[in-house]
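Student: Respectively, the protein sequence lines represent chains A and B.
The first sequence begins at 205 in the numbering used here and counts up by one.
The second sequence begins at 9 in the numbering used here and counts up by one.
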Amino acid sequence: MRVAVCCKGIPIGLNLESVHIAEGDIKSQGTDLYINEFDAYALEVALDLKESYGAETFALSLGPLRSQEVLYFSLAKGVDQALRVDGETNRPELAAGSLVQILKEIEPQIILTGVQSTDWGGGEVGVYLSQALNMSLAYAVVEISQISDTSIRIKKELGGGKIAEVALKLPVVLCIQSGIKPLQYVSAVKRKKARKIQIKPGGKLNLKDMEQSISGLMSYEFKEVTLTPREGQAEMLIGTRTEMAVKLLQIINESV
Amino acid sequence: MESFIYIEPSEADIGPITKQIASRIKEIPPELRGPLKGIAIGHHLDDYKKSQLAGLIDELIIVDSPSEYAYNTEVISNILTDIVGEKDQGILFLGFTHQGMELGPVVGWRLGIPVMTSCVSFDWHGKEAYAQRTIFEGKLLVTCSVNMERGAVISVQKGAWKDLSSESKGDLPLTTVTWKEAWAAEKTEILAINEDVAEDKEDITKAEILVSIGRGLGGPEYLPDVKELADSLGGMISCTRPVIDLGWLPSYRQVGISGKTVAPLIYLALGISGQNNHVTGMDGSEIIIAVNKDPSAPIFNLANYGVVDDILEFVPELLRQIKDK
Ligand SMILES: Cc1cc2nc3c(=O)[nH]c(=O)nc-3n(C[C@H](O)[C@H](O)[C@H](O)COP(=O)(O)OP(=O)(O)OC[C@H]3O[C@@H](n4cnc5c(N)ncnc54)[C@H](O)[C@@H]3O)c2cc1C
Ligand SMILES: Nc1ncnc2c1ncn2[C@@H]1O[C@H](COP(=O)(O)O)[C@@H](O)[C@H]1O
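Below, the structure is given as structure tokens:
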């Protein structure tokens, strides 16, 4: 069984000044990239499948050179191979379109993604992959209970505390929800060793190769990035810590 | 041009997100949006629910699907793709909910039309619409112009728009669509639906005061202080999802889109950033007080009162003040 896990590198601590629109895309200035939190959970699932089912595991990332850090991290955690698709985009249809090429070569039975990337926050890429590759799909997966040669049983969230138990035909795309497994610590030694492993080239983001399949989806443009407006702005309590604490308790006492 | 809203199944009334979307889209001139049609799939629409939609949408389409397909997103996607794609230029609106996150991109991909997820605003001018969606955990907004000529899928954050629905008005034209075998599931079988039952545990939905903690707490070792604070205020402890994921508290204390919806008198948010998936579960609270060390945390956009401080210092100070009294 082959399992591919998609891991996006996310810039941390961005502000309005470090984000801009260029070449029809949202770009962030040269900050370090860390593994998307939801993808760290997907990675734990991949490693669990390696251990329990002997799965051959592939970590994939589409990103610029500095996104290799995410792949070194996944190698340190124990994936068998890491591949980087060269490019940079926050357009989910472009990201999916680029990842599809390499996934067609790997032919995994299970593709794992996170439920969403925390910078873009849309959750489209995994869903698009399932459509582009004609695979089964489950979103917000919180448990994998059983795998056979042809099918998989999972649990997925429906929202509001409801959980569905679902059987799906393989191959499948599973969009993994946070908390599915505890995140395991990875030692500094392992991290250092992983840096000696080669990250394989997984192709390049090339709009021309996929234009036809996604041109309809691409018919929108980014115009402007702004701060989220403060609508019902909070009344900020000011003063020393003691003064703020006294005022806060007073508000509570007067309200109940 | 036709506009559609996917009406998610709900146990009690029509879900707030359906009413919120319908209220906003109804304000758009009909020459732009065309007729606004609700799509309900399955057997979940009682007469009283239909009456809640009268005046809010122009027509209700009920698709009669077999009961084993309730919650089967493969089947729901098949149906939505067919109905929205039947004529050119179908626009599908749906909630940015668990179902909507899955269904929207499937329908958009299959029809080859633009998909805008997580929208908070939507304005339509001629062939274009301007949609705003949040990025970077709700801190920034990106404005997008969407070409509406061939249709689009627009998913909307819960609570982004106001529900302007009033008492039911007039008749609601109804179309019943009979089941087609072509919609049947080939890949997905729903085996069971389970619910996290509260049993004897503390029920956070009943609390008047919730002391709610987020990842900003830093670790479970600080929980005793929070417990002491909740006890002395006569409240209960609730939390965000990461607090559950990290194993600091059990899942029945989670507030948000995948946890509980609460509406206490006081919601004291400690070290919570205020992302939509959490806010959706608590924005009905009477008074929201947020303490966060980051002055740009989105929670301050919603809260009534805010304190910019380190909760690890501020909570002990609150306890001192309570004891001194
Ligand atoms: C499908 C889906 C469903 C989800 N369902 C839910 C749900 O039901 N409920 C939910 O809560 N989330 C849910 N989430 C996750 C949600 O999107 C956010 O990731 C989550 O709400 C963030 O929680 P947080 O505010 O505790 O953490 P963070 O976003 O990490 O915020 C921590 C905050 O603490 C502040 N802070 C840090 N240290 C301190 C300190 N010492 N003193 C003061 N402030 C400090 C920081 O400034 C920051 O604002 C869901 C996500 C998805 C994709
Ligand atoms: N550039 C990328 N490289 C690898 N995986 C990605 C990339 N972008 C998105 N994904 C995957 O798709 C999921 C959903 O992302 P998004 O649609 O951007 O919210 C993420 O959790 C990742 O698993």
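Think of the CB as a built atom: it goes at the ideal place given N, C-alpha and C, for glycine as much as any other residue.
Measuring alpha carbon to alpha carbon, tell me which residue in A:I380, A:G318, A:Y424 and A:Y332 is nearest M156 (chain B).
Tutor: Minimum Cα distance to M156 (chain B) is reached at A:Y424.
Student: Distance cutoff 9 angstroms, beta carbons only. Does N240 (chain A) sit that close to anything in chain B?
Tutor: Judged by the 9 angstroms Cβ criterion, N240 (chain A) is not in contact with chain B.
Student: Where does V287 (chain B) fall in DSSP's three states?
Tutor: Reduced to three states, the DSSP call for V287 (chain B) is helix.
Student: For M339 (chain A), name the three-state secondary structure that DSSP assigns.
Tutor: Of the three classes helix, strand and coil, the one that applies to M339 (chain A) here is coil, per DSSP.
Student: Could you confirm whether any beta carbon from chain A is found closer than 9 angstroms to the beta carbon of H106 (chain B)?
Tutor: It does: the Cβ of H106 (chain B) has a partner Cβ on chain A nearer than 9 angstroms.
Student: What three-state label does DSSP hand G116 (chain B) in the structure shown?
Tutor: The answer is helix: DSSP assigns G116 (chain B) an H, G or I state.
Student: Are the beta-carbon atoms of H286 (chain B) and R328 (chain B) separated by less than 9 angstroms?
Tutor: In this structure, R328 (chain B) does not lie closer than 9 angstroms to H286 (chain B) by Cβ.
Student: As a quick exercise: from A:E447, A:E439 and A:K451, pick the residue whose alpha carbon is nearest that of P303 (chain B).
Tutor: Among A:E447, A:E439 and A:K451, the Cα nearest to that of P303 (chain B) belongs to A:E439.
Student: Tell me which residue opens and which closes the alpha helix (DSSP H) that R445 (chain A) is part of.
Tutor: Looking at the DSSP string, the run of the alpha helix (DSSP H) that includes R445 (chain A) is R445 to S459.
Student: Is G293 (chain A) near ligand 2 - that is, is its Cβ less than 8 angstroms away from at least one heavy atom of it?
Tutor: Looking at the sequence shown, residue 293 (chain A) is not Gly but Thr. Under cutoff, so the answer is yes.
Student: Can you tell me which of B:Y275, B:D332 and B:L326 puts its alpha carbon nearest to the alpha carbon of F308 (chain B)?
Tutor: Selected option, being the one with the closest Cα: B:Y275.
Student: With a threshold of 8 angstroms (Cβ to nearest heavy atom), would A250 (chain A) be considered close to ligand 2?
Tutor: No, since every heavy atom of ligand 2 falls outside the 8 angstroms radius drawn around the Cβ of A250 (chain A).
Student: Is any heavy atom in ligand 1 found nearer than 8 angstroms to the beta carbon of L316 (chain A)?
Tutor: No, Cβ of L316 (chain A) sits at least 8 angstroms from all heavy atoms of ligand 1.
Student: Could you pull the DSSP bridge partners for S222 (chain A) from this structure?
Tutor: DSSP output for S222 (chain A) lists no bridge partner at all.
Student: If you draw a straight line from the alpha carbon of I384 (chain A) to that of V346 (chain A), how long is it in whole angstroms?
Tutor: So the two alpha carbons sit approximately 5 angstroms from each other.
Student: Using DSSP with H/G/I as helix, E/B as strand and the rest coil, what is M440 (chain A)?
Tutor: DSSP places M440 (chain A) in strand when its eight states are reduced to three.
Student: Quick check: the Cα distance between L237 (chain A) and P405 (chain A), rounded to an integer number of angstroms?
Tutor: In a straight line, the C-alpha of L237 (chain A) is about 18 angstroms away from that of P405 (chain A).
Student: State whether the stretch 56 to 64 of chain B contacts the stretch 173 to 183 of chain B, with contact taken as three or more CB pairs (one from each stretch) at a distance under 8 angstroms.
Tutor: Contact between the stretch 56 to 64 of chain B and the stretch 173 to 183 of chain B is present, because at least three Cβ pairs lie under 8 angstroms.
Student: When every heavy atom of ligand 1 is checked, does at least one fall within less than 8 angstroms of the C-beta of R434 (chain A)?
Tutor: False, no ligand heavy atom lies under 8 angstroms from that Cβ.
Student: Report yes or no: do three or more beta-carbon pairs, one from the stretch 305 to 315 of chain A and one from the stretch 103 to 118 of chain B, lie closer than 8 angstroms?
Tutor: No, because fewer than three Cβ pairs between the stretch 305 to 315 of chain A and the stretch 103 to 118 of chain B fall closer than 8 angstroms, the two stretches do not touch.
Student: Exposed or buried, what is S266 (chain B) when buried is set at 16 or more other beta-carbons lying within 10 Å of its beta-carbon?
Tutor: Answer is buried; the Cβ neighbour count reaches 16.
Student: For a minimum of 3 consecutive residues, which ranges assigned as the beta strand (DSSP E) are wholly contained in the stretch 227 to 270 of chain B?
Tutor: Fully enclosed beta strand (DSSP E) runs of 3 or longer: 244 to 247.
Student: Closest to N202 (chain B) by C-alpha separation, out of A:A368, A:L298, A:Q233 and A:Q305, would be which residue?
Tutor: Ranking the options by Cα distance to N202 (chain B), first place goes to A:A368.
Student: Using only the alpha-carbon positions, how far apart do I401 (chain A) and G267 (chain A) sit?
Tutor: The alpha-carbon atoms of I401 (chain A) and G267 (chain A) are separated by roughly 18 angstroms.
Student: Just checking F242 (chain A) against ligand 1 - is the residue's beta carbon closer than 8 angstroms to any of the ligand's heavy atoms?
Tutor: At least one heavy atom of ligand 1 is nearer than 8 angstroms to the Cβ of F242 (chain A), so yes.
Student: Would you say Q28 (chain B) faces chain A, with C-beta separation under 9 angstroms as the test?
Tutor: Closer than 9 angstroms: no.
Student: According to a CB-to-CB cut-off of less than 8 angstroms, which residues of the stretch 425 to 448 of chain A neighbour chain B?
Tutor: Cβ contacts with chain B: E425, F426, K427, E428, V429, T430, L431, T432, P433, R434, E435, G436, Q437, A438, E439, M440, L441, R445, T446 and M448.
Student: Taking only heavy atoms of ligand 2 into account, decide whether any of them is closer than 8 angstroms to the Cβ of A299 (chain A).
Tutor: Yes, since a heavy atom of ligand 2 falls inside the 8 angstroms radius drawn around the Cβ of A299 (chain A).
Student: Compute the Euclidean distance between the alpha carbons of H133 (chain B) and L220 (chain A), then round it to the nearest angstrom.
Tutor: Distance between the alpha carbons of H133 (chain B) and L220 (chain A): 27 angstroms.
Student: Does F101 (chain B) get closer than 9 angstroms to chain E when you measure Cβ to Cβ?
Tutor: This model lacks chain E altogether; the protein chains it does include are A and B.
Student: Where does T81 (chain B) sit, in a helix, a strand or coil, going by DSSP?
Tutor: In the structure shown, T81 (chain B) sits in a helix (DSSP, three-state: H, G or I).
Student: Strictly by DSSP, which residues pair up with Q305 (chain A)?
Tutor: Q305 (chain A) pairs with nothing; no bridge assigned.
Student: Give me the Cα-Cα distance between L68 (chain B) and I87 (chain B), rounded to the nearest whole angstrom.
Tutor: If you take the alpha carbons of L68 (chain B) and I87 (chain B), they lie about 15 angstroms apart.
Student: Using 8 angstroms as the cut-off, classify the Cβ of M448 (chain A) as near or not near the heavy atoms of ligand 1, replying yes or no.
Tutor: Not under cutoff, so the answer is no.
Student: Determine the chain B residues that contact D323 (chain A) at a beta-carbon separation under 9 angstroms, and present them in chain order.
Tutor: Result: I143, F144 and E145.
Student: Quick one: is the Cβ of E82 (chain B) within less than 8 angstroms of any heavy atom of ligand 2?
Tutor: No; taking the cut-off as 8 angstroms, the Cβ of E82 (chain B) has no heavy atom of ligand 2 nearer than that.
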